[in-house]
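Numbers given in this note's numbering equal positions in the sequence shown, counted from 1, plus 37.
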Amino acid sequence: MATEETSKMTGREKGGLRTMPFIFANEVAEKLAVVGFSTNMLTYLTTQLHMPLAKAATTLTNFGGTSAATPLIGAFLADACIGRFWTIAAASVVYQVGMALLTVSAALPRFRPPSCKPGGAVTCQEAAPWQLAVLYVSLLLNAVGAGGYRPCIVAFGADQFDESRAAERVRSWGFFNWYYFCNGASMLLAVTAVVYVQDNVGWGWGLGVPAFCMGVSVAAFVGGYPMYRRLEPAGSPFTRLAQVVVAAVKKRRLPAADVDPARLYENDELDAPISMYGKLVHTDQLSFFDRAAIVTDGDLVTLTDADSGKPSPAPVPNPWRLSTVHRVEELKSVIRMGPIWAAGILVITGSSTQHTFSLQQASTMDRRLAPGLSTFQIPAGSMTVFGLLAMLLTLFVYDRALVRVARRFTGLDRGISFLHRMGVGFAISVLATLVAGFVERHRRDAAAVAAGATDAGTSPLSAYWLVPQYALHGVAEAFTSVGHLEFMYDQAPESMRSTATALFWLSISLGSYASTLLVDVVHHWSAGPGGANWLPDNINHGRLDYFYWVVTMLQVMNLLYYAICAKRFRFKPVQLHKEEEEEGGKAIVELQEKV
């Protein structure tokens with residue numbers, strides 16, 4: 038992103054904490070809408086559209102994967118073309134259309150097959166192709182809306198804090214915690230109130246209320262337009278990365294002796310639009326790309342003014358032959374982030390099971406709120422409330438207590454580095470899927486000894502047995518997701534922060550697709566005589582516990598891989614502009630935290 042709009046509103050600077058209510062309100066409504074239907078959508082697909090369990094689970098994970106992949110497109114538009122504000126506004130409108138279509142399809146009976154009772158004398162008719170088409174179009178619109186919204190809202194919120202000021206930088210670190218806290222609070226409301234309305238009032242109302250809230254939030258977000266700090270797009274970051282690669286390849290035959298850091302090309306004026314708060318300085322890693330900043334014959338050209346015919350006062354570089362050190366270091370930063378980014382994929386694969394198979398477990402268990410005292414049943418889709426409560430509690434304790442305690446030992450303003458934070462989350466995620474396997478074995482054994490429970494697909498075991506796995510996933514998310522998101526934003530080049538957030542969502546996308554692939558592989562690999570396998574529609578006839586432990590083993594290997602990558606990771610070094618002026622020198626700020 039380039040220069041900030043410098044106009045003032047009533048003499049006050051733009052941005053700051055006063056813009057947070059508008060941004061958080063939009064985020065809360067978006068999560069209320071998305072989670073409001075995705076949490077209980079497995080139930081909708083299986084009971085209303087009569088999809089088989091495996092197909093319904095695959096549909097949801099594919100939708101989640103697509104929703105997390107489209108942000109790359111939205112990030113490109115925001116960073117290169119129209120800016121973050123307008124990308125968010127346009128995407129929210131598309132979101133609204135998708136939610137409206139989904140609400141209509143749920144409210145009108147003609148968009149669903151005839152109702153029936155599963156396991157009854159009459160075979161349930163699956164939804165017709167045109168009915169499924171309406172569903173898929175609405176999900177696609179939601180995915181497209183997510184593509185423009187998700188990569189920009191976090192970066193846009195963080196943009197409201199001036200990184201050149203130490204106090205503002207500290208506030209921006211707290212922003213990520215409170216952003217995720219509001220995110221979790223809206224999800225909590227969705228899996229309780231919204232799911233209750235869906236199960237007890239109707240799907241039309243259950244989806245209509247979040248759609249209405251989404252419309253109100255769009256109006257509120259646009260209403261805050263005069264107060265926002267809005268950064269202008271500075272051209273495609275992907276083009277700049279490609280130019281560095283091309284220039285380095287063209288100069289690959291230059292002798293290594295020519296790669297002298299003191300002689301590499303720098304141009305502060307050229308880099309000003311993509312280095313508002315500071316420029317990246319040279320590092321000795323990935324030295325092959327340093328060749329792109331070596332000046333050779335023909336790299337600098339003198340342009341002629343079209344009106345006056347006079348040559349430019351200084352030659353300018355041909356970007357496909359010569360790059361600045363800052364642009365070379367942008368590419369290096371992105372490459373260095375790759376291994377850490379990839380480690381987050383399998384964590385998503387593990388956590389995605391609580392939205393599919395954990396929900397199926399809950400639907401077969403005793404979900405009475407107070408067994409023996411009340412007949413009220415907790416909706417299966419609302420079991421995720423325990424994960425959300427654990428996540429919210431962890432975020433609150435982390436921000437209010439853990440950071441202050443850790444700061445005394447580490448000396449870091451954020452308490453612990455985001456790499457440490459992610460590592461803790463990875464370890465807890467391993468424990469969550471391990472526990473889930475043991476709980477599933479206990480649930481299955483309880484169903485086996487109950488008369489007729491196995492065939493009916495039910496178990497007399499209380500659904501509260503699922504609380505540990507939900508809670509552990511919630512705690513893991515508070516560490517992993519926030520740390521991962523903060524890492525991507527902090528370590529990405531300034532001009533690529535929407536793209537970095539999109540890469541965070543891309544890891545979620547790949548994790549969802551990996552979950553789909555793993556389910557398909559296990560489903561077919563474990564198939565036995567008569568169609569039996571680990572993951573049948575009636576999970577009492579399967580071995581879901583084995584599936585959980587397969588995921589656990591994959592996550593253990595992922596944790597070891599992450600530990601190696603984190604130990605070798607080097608943080609980007611930045612030379613801050615404003616601090617140079619205030620301190621009267623050029624202090625290099627090394628963000629090299631101990632891992």
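Built from N, CA and C at the ideal position, the CB exists for glycine as well.
Remember, predicted model here, so these are calculated numbers, not experimental data.
Please state if the CB of residue j and the CB of residue i are separated by a distance shorter than 9 Å.
i	j	result
Tyr599	Ile377	yes
Tyr507	Gly424	yes
Gly335	Thr431	no
Val253	Gly243	no
Leu109	Leu426	no
Pro274	Met533	yes
Val476	Leu503	yes
Phe249	Arg289	no
Val588	Thr470	yes
Ala603	Leu456	yes
Arg481	Asp574	no
Leu114	Thr96	no
Phe584	Thr390	yes
Met88	Ala164	yes
Phe213	Glu523	yes
Gly261	Thr56	yes
Please report how far the alpha carbon of residue i lies from the alpha carbon of residue j, in whole angstroms.
i	j	result
Val130	Pro188	16 Å
Val461	Met374	19 Å
Ala222	Leu383	25 Å
Gly241	Pro247	11 Å
Leu439	Val234	37 Å
Leu172	Lys68	19 Å
Leu54	Gly315	23 Å
Val259	Phe122	9 Å
Gly239	Gly548	32 Å
Ala284	Pro610	23 Å
Ile415	Cys153	23 Å
Ala191	Tyr216	Sequence check: residue 191 is Val here, not Ala. If I take the Cα positions, the gap works out to 8 Å.
Arg267	Ile311	14 Å
Phe148	Gln168	5 Å
Ala117	Thr160	53 Å
Val371	Thr536	10 Å
Asn63	Ala195	15 Å
Trp571	Phe218	36 Å
Ala529	Asp236	43 Å
Gly621	Arg458	Confidence is the limiting factor: at Gly621 the pLDDT is only 36, short of 50, which leaves the residue's position unreliable and the question unanswerable from this model.
Val318	Asp327	12 Å
Met313	Gly474	50 Å
Ala417	Lys51	45 Å
Arg437	Ala515	14 Å
Arg444	Leu79	43 Å
Terminal residues of the continuous alpha helix (DSSP H) containing residue i?
i	result
Leu169	Pro166 to Asp196
Lys287	Pro274 to Lys287
His560	Arg534 to Trp562
Ala257	Trp240 to Gly260
Asp336	Where Asp336 is concerned, there is no enclosing alpha helix (DSSP H), given that its DSSP letter is neither H nor E.
Ser454	Element bounds for Ser454: n/a, residue is neither H nor E.
Gly511	Val504 to Gln528
Gln133	Arg121 to Ala144
Asn63	Met57 to Ser75
Phe584	Leu581 to Arg605
Pro416	Looking at the DSSP string, Pro416 is not in any alpha helix (DSSP H), and its letter there is neither H nor E.
Gln398	Phe394 to Ser400
Lys369	Val362 to Ser388
Verify the contact flag: residue i, CB atom, against every heavy atom of the ligand COA, threshold strictly below 8 Å.
i	result
Gly184	Within the structure as shown, the ligand COA is missing, as the structure has no ligands at all.
Report, in whole angstroms, the separation of the C-beta atoms of residue i and residue j, which I expect to be a contact under 8 Å.
i	j	result
Ser496	Ser388	That pair is no contact at about 23 Å.
Val365	Ala330	5 Å
His479	Leu498	7 Å
Thr34	Ser552	This structure leaves residue 34 out entirely; the chain is present only between 38 and 632.
Tyr302	Pro352	So it is not a contact: roughly 11 Å between Cβ atoms.
Asn595	Phe463	7 Å
Gly184	Thr107	3 Å
Thr320	Lys287	So it is not a contact: roughly 22 Å between Cβ atoms.
Ala91	Val556	7 Å
For residue i, report the span of its beta strand (DSSP E) as first-last.
i	result
Gly315	Gly315 to Leu317
So that I know if they touch, is there some Cβ in chain C lying closer than 9 Å to that of residue i?
i	result
Leu307	The displayed structure is made up of one protein chain only, and chain C is not part of it.
Would you say the region 68–83 touches the region 226–233, given that touching needs at least three Cβ pairs under 8 Å? yes
Is there contact between the region 175–185 and the region 134–142, where contact requires at least three CB pairs shorter than 8 Å? yes
Would you check if the region 398–409 and the region 546–564 touch, i.e. whether three or more CB-CB distances between them fall below 8 Å? no
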